[in-house]
Every structure is written in structure tokens, then in C-alpha cells.
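Accompanying notes for the structure given below.
Numbering (the numbering used here), first residue to last: 3 to 187.
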């Protein structure tokens, strides 16, 4: 599976920039805490294998309402510009903190490998892991889909105000591979 990423970084093309702006999965256009309540109801109904959050605000809100993800992928920014303060509130919820570098519009091999490793570690040791990204974390949803087990939830916030939940299955994994082939160079 990793051969698509063999030792090279992937760069988003212009078509991909447009297509990947569209919210994917179950989009909850509700304010906090109602969106978290709906998320919790979906967790109870589906019993996901694991929950991976991508983004600072969505991760903060999950932690604030005591729904910590198994893995959180954050970059310390919101809307790309505003520095988001990562404090003990964040850090004490995780057993392990891992770092990687991922510039805007890119999926680096370094981050792909780390995502694969932290998913395996979280499943093996039942650890909660924080992946701190220097750069931008948005596109790391794609390798998270590829490497997470089926029936996992990937949760991210969309810039238009929705909480989005992706339920990992074979179709979604195929879509992730398709996205890599069509939208990256």
C-alpha cells in the first residue's frame, strides 16, 4: 500500500485544489456543542475502530467535551494564519507526541510514514497520539483514510463551518487512492 508514496512528496495540482475544497463525508452544520452531541450519537451507533481528528479546532472541541480522539493531527493554526495555542490541556490528553513537516499543498513522505506508524501504534498499544505538523495538516486526511482500519472515523472541520465525519470503508479508501493519482503530482 505504501508504494504510492515511495520516498517522495506529493504536490496538490490545481484541479485537486478545487475538488478537495468540497466537504466530504457527513457534514454537520451545527454549532458546538450540538455537533459534538451528534458526533457522540454516531460513535455510539457505529462503534468506530478508532477516531482520528484532523485540525486544531475540531480536536480542541472533542477534548473540551471529553471525546478525545485516538489520534489527533494538528498544526497549531486555524484558518492557516492564526496561531493556535497548544497548552497542557491538549498535551495531557495524549500518551505520545510525534512531529512531522508538511508544507501547504503537500503530502510529505515523512508525514505519510508517521501517520502509518502512529495508527499502528495506537491500535497495538491503545495509545492516544498527538501528531504535531509543522506546516499544514489539511491534506493528511487522505493518508489517514488509507492507513486507518475500516470502520474508523476521521473527523475534521471544514472552513465553511461544518464538522465532517468520514466513515472509513473500502470505497472511501479507493477514493483516497484515486485522489492521489488524479490530484497530486
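From the three backbone atoms N, C-alpha and C, an ideal C-beta is built for every residue, glycine too. Given the structure is predicted, the values throughout are model-derived calculations rather than measurements.
Using alpha carbons as the reference points, say which of the options lies closest to residue i.
i: residue 27; options: 95, 166 and 93; result: 166
i: residue 201; options: 157, 172 and 141; result: The chain is shown from 3 up to 187; residue 201 falls before or after that span and cannot be answered.
i: residue 128; options: 96, 55 and 34; result: 96
i: residue 94; options: 59, 63, 132 and 101; result: 132
i: residue 79; options: 136, 123 and 179; result: 136
i: residue 65; options: 14, 20, 32 and 90; result: 90
i: residue 176; options: 187, 152 and 161; result: 152
i: residue 168; options: 109, 51 and 58; result: 51
i: residue 102; options: 124, 125, 74 and 18; result: 74
i: residue 59; options: 40, 49 and 34; result: 34
i: residue 100; options: 130, 20 and 125; result: 130
i: residue 11; options: 32, 42, 31 and 107; result: 107
i: residue 134; options: 126, 125, 173 and 98; result: 98
i: residue 45; options: 125, 19 and 70; result: 70
Taking all protein chains shown into account, decide if residue i is buried (16 or more other Cβ within 10 angstroms of its Cβ) or exposed.
i: residue 68; result: exposed
i: residue 16; result: exposed
i: residue 47; result: exposed
i: residue 77; result: buried
i: residue 163; result: exposed
i: residue 170; result: buried
i: residue 160; result: buried
i: residue 120; result: buried
i: residue 8; result: exposed
Please tell me whether residue i and residue j are closer than 8 Å, where the distance is taken between their beta carbons.
i: residue 92; j: residue 118; result: no
i: residue 38; j: residue 72; result: no
i: residue 139; j: residue 56; result: yes
i: residue 13; j: residue 187; result: yes
Runs of beta strand (DSSP E) wholly within the segment 69-122 (minimum 3 residues, chain order): Whole beta strand (DSSP E) segments, 3+ residues: 73-76 and 98-104.
Meets three-Cβ-pair contact criterion under 8 Å: the segment 145-158 and the segment 109-117: Under the Cβ criterion (8 Å, minimum of three pairs), the segment 145-158 counts as touching the segment 109-117.
The segment 25-45 in contact with the segment 149-168 per 3-pair CB rule at 8 Å: They touch, by the three-pair rule.
Segments of 3+ residues assigned as beta strand (DSSP E) that fall wholly inside the segment 10-34: Runs found: 28-30.
Entirely enclosed alpha helix (DSSP H) segments - the segment 37-74, minimum 4 residues: The DSSP assignment places 58-66 as complete runs of the alpha helix (DSSP H) inside the segment 37-74, in order along the chain (cut-off: 4 residues).
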